[in-house]
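Residue numbers (our numbering), protein chains in the order written: chain A, 1 to 395; chain Y, 1001 to 1090.
Each residue gets a CB set at the ideal place from its N, CA and C atoms; glycine is no exception.
A quick note: this is a predicted structure, and the numbers were derived from the prediction, not measured.
Notes to accompany the following structure.
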Amino acid sequence: MGRERDFLDGYLIVELKSLSIEKFINLSYINGIKLWDVKRKDLITTQFRISTNDFKKLKKVAKITNSKIRIIEKRGVVFYLNKILRRRLFLIGIVIFIFILYYLSNLIWIIDISGNKNISNDEIVKSLYKNGVKIGVKKNKINLKQIENILVNEINQISLINLSIDGVKLKVEVVERTLPPEIVDTESPVDIIAKKDGIVTKIFCYRGTPLIKSGEYVKKGQILITGDIFRTNRNDNSKELVKTVHSFGTVYAKVWYEIFEEQDLLSIKSERTGEYVINEYYIINGKKIYINKNDAKFENYDKIEKRTKINLLGYNLPIEKVEEKLYEVKVTKTSYSIDEAIIIATNKAEYEINKQIPKDATIIDKKYDKIIEKNKVTVRLLVITEENISYEQHR
Amino acid sequence: MKNKVKNKISESLELPKEIILNIPSIKILGNDELQIENHKGIVEYSTDVVRLRSSIGIIKIEGENFIIKEINPELVVLTGKIKNLEFIRF
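In structure tokens form, the structure reads like this:
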């Protein structure tokens, strides 16, 4: 019965206090006031609903029937709108929120690269960055076709690239070019030489003449496999050079690594705490004139002096400006037991030696030697590895 | 006499009786809604008893939790648990 319209126009919930409720109801409907949901609460009070426009007429009726009316609640779109309009800041907040959301959705947040096997993502991202595409760039500022062309030219290995924008995501689909395999120059004469000192354990010679035997000690730079190929004369055992080739082969050898690490039992560490004091003074004829003098209250400190000669119109004046900076230093003394010192020294040694050993080497043996002195401990770490020591050298 | 003639006319012309005779038409939906057309005002209204004036006398409705859903010169709609309906002649 038109409830939707009532809701749109707005309606009131009214409480009526009257001794003659029936009279009130009869009078109001006769006067064309629409009442609904009339509910009697007790002897004198009644609650009902009424459209907002009829409230003035209702007042007259109330006067005639000697009753009191009171609005309990206002309902309807009109009142809601009023409420919202009153909370203007809230409304502004909503608008700003929507605006920010809209603005942020216009930016690129994710760059999704797919299809690359040999090209690293970093490389693509870097060249995108060079052309102005990065996270946080506005979508409509990107000219996709142009950037595609630039990228294909810039990165050699790309044969085809497809950029597309999906929401806040920039999709980069890459098709790689398969490059022709590198041609190994097998014609030029090449020797294989030793990278390191060691005792040869295994020799794999595919082409060329090996000059060493297993178990032999080789030095760094020594030729292991030569590209010269000889023919031995059966008659007098003399050797005759036939030709020189590109020699191939790998030689494995036992290699030693040795390292010494010391650890004092009493270690003194000094660190700057970050606090400092600045002194400034001039030296004129050997006398100090302070501009800025602060007494250093630090127990230990580093002193850094900066001297500048004062120049006037190209002439050196006998005045020097000195700037002193005193950094506070905190000295910490720690004493270790012998066992602790050994552990520290060993850890240090291991760390240092791991830097030297190549990754493909296999460790055969590890030896620790400890030398304990009065106030320090020395650890000697010896590592024996078996590794490839061959290295191709062009003649 | 007048009513009898009107009654006959409405019967023969198949016109709705409540309009021609000006008598109330009462429609009860289950036991919780009641619509009365052609009423002449409320005599008594409380949660348990509602009395309405009409051309044929007073209509008394007894029940519980009565709410006047709607009221205008033509129609009264009552909801609540209806127990009893009584016609009281003048």
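With a CB to CB cut of under 6 Å and the five nearest residues on each side skipped, what residues in its chain are close to Glu261(A)? Ala345, Lys348, Ala349, Val379
Return the residues of the region 1019-1048 of chain Y that lie within a Cβ-Cβ distance of less than 7 Å from chain A, sorted by chain order. Gly1041, Ile1042, Val1043, Glu1044, Tyr1045, Ser1046, Thr1047
Measuring CB to CB, does Leu151(A) end up less than 8 Å from Ser127(A)? Note that the C-beta distance between Leu151(A) and Ser127(A) is below 8 Å.
Compute the Euclidean distance between the alpha carbons of Glu243(A) and Asp228(A), then round it to the nearest angstrom. Before going on, a small fix: residue 243(A) reads as Lys here, not Glu. Taking the straight line from one Cα to the other gives about 6 Å.
Label Glu182(A) either buried or exposed according to how many other C-beta atoms from any shown protein chain fall within 10 Å of its C-beta, with 16 as the threshold for buried. exposed
When you compare only the Cα positions, how much space is there between Ile1020(Y) and Leu1029(Y)? 24 Å
So within the region 225-278 of chain A, which uninterrupted alpha helix (DSSP H) runs reach at least 4 residues, ignoring any that extend past its ends? none
Burial state of Leu313(A) (16 or more Cβ within 10 Å): exposed
Taking just the CA atoms, how far does Gly132(A) sit from Lys141(A)? Taking the straight line joining both Cα atoms gives about 9 Å.
For Glu1037(Y) and Asn1065(Y), what's the separation of their Cα atoms in angstroms? 21 Å
Using DSSP's beta-bridge definition, name the partner residues of Glu36(A). Note on residue identity: the sequence assigns Trp, not Glu, to residue 36(A). DSSP lists Arg49(A), Glu1070(Y) as partners of Trp36(A).
C-beta contact flag for Ile989(Y) and Gly1057(Y) at 8 Å: Past the edges of chain Y, shown from 1001 to 1090, lies residue 989(Y), and the structure says nothing about it.
Could you compute how far the alpha carbon of Val1077(Y) sits from the alpha carbon of Trp36(A)? 9 Å
Interface flag, Ile1067(Y) vs chain A, CB-CB below 8 Å: yes
At 4 residues or longer, and completely inside the region 117-201 of chain A: list those alpha helix (DSSP H) runs for me, N to C. 121-130, 144-154
Val175(A) beta carbon less than 8 Å from that of Ser159(A): yes
Whose Cβ in chain A lies nearer than 8 Å to the Cβ of Asn1007(Y)? Those within 8 Å of Asn1007(Y) in chain A number zero; the least Cβ separation is about 29 Å.
Distance, Ile291(A) Cα to Ile278(A) Cα: Those two C-alpha atoms are separated by around 10 Å.
Roughly how many angstroms separate the alpha carbons of Met1(A) and Val1005(Y), rounded to a whole number? Only weak support exists for where Met1(A) lies, its pLDDT of 47 falling under 50; the coordinates are left without a value.
Can you list the residues of chain Y that Tyr29(A) reaches, using a CB-CB cut of under 8 Å? Ile1071, Asn1072, Pro1073
What are the residues in the region 10-27 of chain A lying within 8 Å of chain Y by C-beta distance? So the close ones are Ile21, Glu22, Ile25, Asn26.
In the structure shown, what three-state DSSP assignment does Glu22(A) receive? helix
Lys57(A) versus chain Y: which residues are under 7 Å apart at the beta carbon? Correct list: empty, because the minimum Cβ distance to chain Y is about 14 Å.
Going by Cα to Cα distance, which pick from Ile343(A), Ile310(A), Thr226(A), Ile199(A) is closest to Arg395(A)? Thr226(A)
Identify the continuous alpha helix (DSSP H) that holds Gln356(A) and give its terminal residues. Residue range 338-356 is occupied by the alpha helix (DSSP H) that includes Gln356(A).
Candidates Ile389(A), Ile223(A), Lys169(A), Lys34(A), of which the one nearest Thr52(A) by Cα: The residue with the shortest Cα to Cα distance from Thr52(A) is Lys34(A).
Could you tell me which whole beta strand (DSSP E) segments of length 3 or greater appear in the region 1010-1040 of chain Y? 1025-1029, 1033-1037
Residue of Ile50(A), Thr209(A), Thr385(A) minimising C-alpha distance to Leu241(A): Comparing alpha carbon positions, the residue from Ile50(A), Thr209(A), Thr385(A) closest to Leu241(A) is Thr209(A).
In angstroms, rounded to a whole number, what distance separates the CA positions of Ser214(A) and Val200(A)? 5 Å
Name the chain Y residues whose beta carbon is nearer than 7 Å to that of Lys39(A)? Ile1067
Where does Val178(A) land, buried or exposed, given buried means 16+ other C-beta within 10 angstroms? The amino acid occupying residue 178(A) in the given sequence is Thr; Val does not appear at that position. Classification of Thr178(A): exposed, given that the 10 Å Cβ count is below 16.
On a Cα-Cα basis, can you pick out the residue from Tyr282(A), Lys130(A), Asp54(A) that is closest to Ile147(A)? Lys130(A)
Give me, in chain order, the residues of the same chain whose beta-carbon lies closer than 8 Å to that of Ile1067(Y); leave out the 5 immediate sequence neighbours on both sides. Leu1078, Thr1079, Gly1080
Closest to Glu340(A) by CA distance: which of Tyr281(A), Asp360(A), Ser267(A) is it? Ser267(A)
Shortest alpha-carbon distance to Tyr252(A) belongs to which of Glu305(A), Ala361(A), Arg49(A), Lys17(A)? Ala361(A)
Going by the beta-carbon positions, is the gap between Glu352(A) and Glu324(A) smaller than 8 Å? no
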